[in-house]
Each structure stands twice: as structure tokens, then as C-alpha cells.
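**Student:** Shown below is the structure under consideration.
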Ligand code: AR6
């Protein structure tokens, strides 16, 4: 197995259950909660999370901010704000890349060995899942090649179909890297 394959893992299930150092939240720029994975994370972490989020003054699209994990098994939550898909001509790919890079930088600074990502922007924000998976895997791979931490990036997919897209994206990248 390649080095990339050893440091990227693909999981199907609910990200709120994962006992990793940090999980990433697909938030909105208010950081005050919402639907989808954001709602699930706020419910599972408990009301203290919203209290801490209120002190953060929101977050720009493409950026990320860290809070504690509260009642989650994860120690930290890294909240990032993905772009709303508007057809692809509004800088969406660059902004989505930035979400992954900024989240990984924050995980690195906080000595996280394992970090789990949902498929940012691919639900309510309608980013095409396949294109988003290629960006997620490519950006994580670039980062992992430069840094020893995080040791492992988990892509937590809500369904098997999405997990398969990630497996294909990893396999394609592996072919290009070897
Ligand atoms: N665990 C893992 N993945 C999940 C979970 C879960 N518990 N729940 C949903 N997903 P979305 P977005 C997947 O809509 O598109 C919120 O209201 C889901 O299948 O949660 O970035 C925010 O406040 C999809 O593949 O996030 C924002 O306003 C992926 O997570 C807005 O939605 C992302 O879907 C953000 O929209």
C-alpha cells in the first residue's frame, strides 16, 4: 500500500461518533449552528458549543476556527465554511480547497494526530460530490506530504456511494504519485 493510502482512511457513518483528535464541521459563516452535519455536531456536543461559537465572531468562507469538542468523543471541532455551489465559476474550487487546507493547518498547530472531515459543501450547499472528493483528497495529500501531523486524515462519508467516490479519488491520485 502507498504512503498516501496509509495516512488517508475512508469511513462510512456519523462523524459525531468518531473518537479522533478533531472533527471538522461544515458550518455557515455565523458559526451558530444549522442543519445537516452542523446540526448533528451541535446536538451531540451540547449547548456549551454554541456558547463558545458566539465568542468567535463568525468565520469567512474558506476559513476555519477551532473550538473544544465538549460532549463529543473528539477533543476539538474545527469549524469551516464551505462555498455554496453556484455553477463552478465563482471561485468555488479555490474556496473548497482553502477549507481543507486551513482546517489541516489548525489541526497541525493543535498537535492533532487524527482529523476527520465530512464531505464539506456537498449537502445543503450543493457542491458536486465527485469534484468535491477530488479536491478533498488532493488537498489532504499535498498537506500530508509536507507535514508529519496530522498522521491520519479520515474522510467520514454519510453513505457508501460517497465513500466509493473517495476510494476512486485516492486510487487515481495514488496512480499519479507512483
Ligand atoms: N456525519 C457525516 N456526514 C454527514 C452527517 C453526519 N452526521 N450529516 C450529514 N452529513 P451539509 P454543507 C453529510 O448539508 O453542504 C448547514 O445548515 C451530508 O450527507 O451538512 O457544507 C450549515 O449550517 C453531506 O455529504 O453541509 C450550513 O448552512 C455533507 O455531510 C450548510 O448546512 C455536507 O452536508 C452547509 O452545507
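Numbering (the numbering used here), first residue to last: 71 to 248. All C-beta atoms in this analysis are idealised placements derived from N, C-alpha and C, irrespective of residue type, glycine included. All values reported here derive from a predicted model rather than from experimental measurement.
What I want to know is whether the C-beta of residue 188 ends up closer than 8 angstroms to one or more non-hydrogen atoms of the ligand AR6.
**Tutor:** It does: the Cβ of residue 188 is within 8 angstroms (strictly closer) of some heavy atom of the ligand AR6.
**Student:** With DSSP run on the structure shown, which of helix, strand or coil describes residue 178?
**Tutor:** If DSSP states are grouped into helix, strand and coil, residue 178 belongs with the helices.
**Student:** For residue 187, tell me which candidate among 172, 198 and 179 has the shortest Cα-Cα distance.
**Tutor:** Ranking 172, 198 and 179 by Cα distance to residue 187 puts 172 first.
**Student:** Over what stretch of residues does the beta strand (DSSP E) that includes residue 147 continue unbroken?
**Tutor:** Unbroken beta strand (DSSP E) run through residue 147: 146-151.
**Student:** Near residue 226, which residues of its chain fall below 7 angstroms by C-beta distance, leaving aside the five closest residues on each side in sequence?
**Tutor:** Excluding positions up to five away in sequence, the list reads 81, 83, 85, 88, 186, 187 and 188.
**Student:** Helix, strand or coil for residue 98? Go by DSSP, reduced to three states.
**Tutor:** Residue 98 falls in the coil class under three-state DSSP.
**Student:** Checking the sheet assignment: what are the DSSP bridge partners for residue 79?
**Tutor:** 224, per the DSSP bridge assignment.
**Student:** Could you check which residue in 232, 223, 162 and 137 has the C-alpha nearest to that of residue 199?
**Tutor:** Nearest option by C-alpha distance: 232.
**Student:** Might you give, ordered along the chain, the residues of its own chain that have their beta carbon closer than 7 angstroms to the beta carbon of residue 75, omitting 5 neighbours on each side?
**Tutor:** Correct list, in chain order: 240 and 244.
**Student:** Below 8 angstroms on the Cβ atoms is my guess for residue 222 versus residue 167; work out the distance and round it to an integer in Å.
**Tutor:** Wrong, their Cβ atoms sit about 20 angstroms apart, outside the cutoff.
**Student:** Can the beta-carbon of residue 211 be found closer than 9 angstroms to that of residue 78?
**Tutor:** Yes, Cβ-Cβ distance for residue 211 and residue 78 is below 9 angstroms.
**Student:** What separation, rounded to the nearest whole angstrom, lies between the Cα atoms of residue 248 and residue 214?
**Tutor:** Cα-Cα distance, rounded: 16 angstroms.
**Student:** Name the DSSP beta bridge partners of residue 134, please?
**Tutor:** Looking at the DSSP assignment, residue 134 forms a beta bridge with 150.
**Student:** Secondary structure at residue 233, three-state DSSP: helix, strand or coil?
**Tutor:** Helix.
**Student:** Please report the straight-line C-alpha distance between residue 150 and residue 220, rounded to a whole angstrom.
**Tutor:** The straight-line gap from Cα to Cα measures roughly 17 angstroms.
**Student:** Between residue 104 and the rest of its own chain, which residues show a CB-CB distance below 6 angstroms, the 5 nearest in sequence each way excluded?
**Tutor:** Closer than 6 angstroms at the Cβ level, and outside the excluded window around residue 104, lie 98.
**Student:** The alpha helix (DSSP H) with residue 209 in it runs from where to where?
**Tutor:** From DSSP, the alpha helix (DSSP H) with residue 209 extends over 199-216.
**Student:** For the putative contact between residue 146 and residue 180, defined by C-beta atoms under 8 angstroms, what is the C-beta separation to the nearest angstrom?
**Tutor:** Correct: roughly 6 angstroms between the Cβ atoms.
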